[in-house]
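Here the structure is laid out as structure tokens; the discussion comes afterwards.
Numbering (this note's numbering), first residue to last: 763 to 905.
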């Protein structure tokens, strides 16, 4: 039985492969090729997952207007994040872009609080976030 940490580590490993191979694709075919690959591949995989689970219809039929609004925000932010990440890889490299991108949990905590008044940062999580930010800052000095 897989726990949330197993899924999080699996996601990290998948992103590691995607960034490593994606950097090579960007170098040979450009950012648009990687955007296309991720969009078509991701969309297809998600539709197959929903079909396997038998939840396509129930997922769509149960949506409220507020759910649709949240979906639109998530879609816009996801698309923007992917474009920004892949452009960063193009301008530098996958490893450094990925390390800087690891600051996103701090932004998650900030926006959870700002948008929903949901404090998710414990003192230990805040310390970890500050360590990640410190590392990102050190990397940014090496440009």
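No residue lacks a Cβ here, since even glycine has one placed at the ideal position from N, Cα and C. Model, not experiment: these values are computed from the prediction.
Separation of residue 889 and residue 768 (C-alpha to C-alpha, rounded to the nearest whole angstrom) is 23 Å. Put simply, the segment 782 to 796 touches the segment 851 to 860. At least three CB pairs are less than 8 Å apart. In the DSSP annotation of this structure, the continuous segment of the alpha helix (DSSP H) that includes residue 833 starts and ends at 827 to 853. In the structure shown, residue 801 adopts helical secondary structure according to DSSP, grouped into three states. Judged by DSSP secondary structure, residue 897 falls within the alpha helix (DSSP H) whose first and last residues are 885 to 903. Note that the segment 853 to 870 touches the segment 779 to 793; at least 3 beta-carbon pairs, one per stretch, sit closer than 8 Å. Listed in chain order, the non-local C-beta contacts of residue 883 below 6 Å within the same chain comprise 871, local neighbours out to five positions each way being set aside. Ranking 863, 810, 893 and 879 by CA distance to the CA of residue 777 puts 863 first. In this chain, the alpha helix (DSSP H) harbouring residue 870 covers 866 to 878. Residue 790: member of the alpha helix (DSSP H) spanning 766 to 791, first to last residue. With respect to the 8 Å criterion, residue 895 and residue 868 are classified as neighbours on the basis of their beta carbons. The DSSP-derived three-state label of residue 819 is helix.
Boundaries of the alpha helix (DSSP H) harbouring residue 860: 856 to 863, taken from the DSSP string.
It is roughly 43 Å from the alpha-carbon of residue 878 to the alpha-carbon of residue 790.
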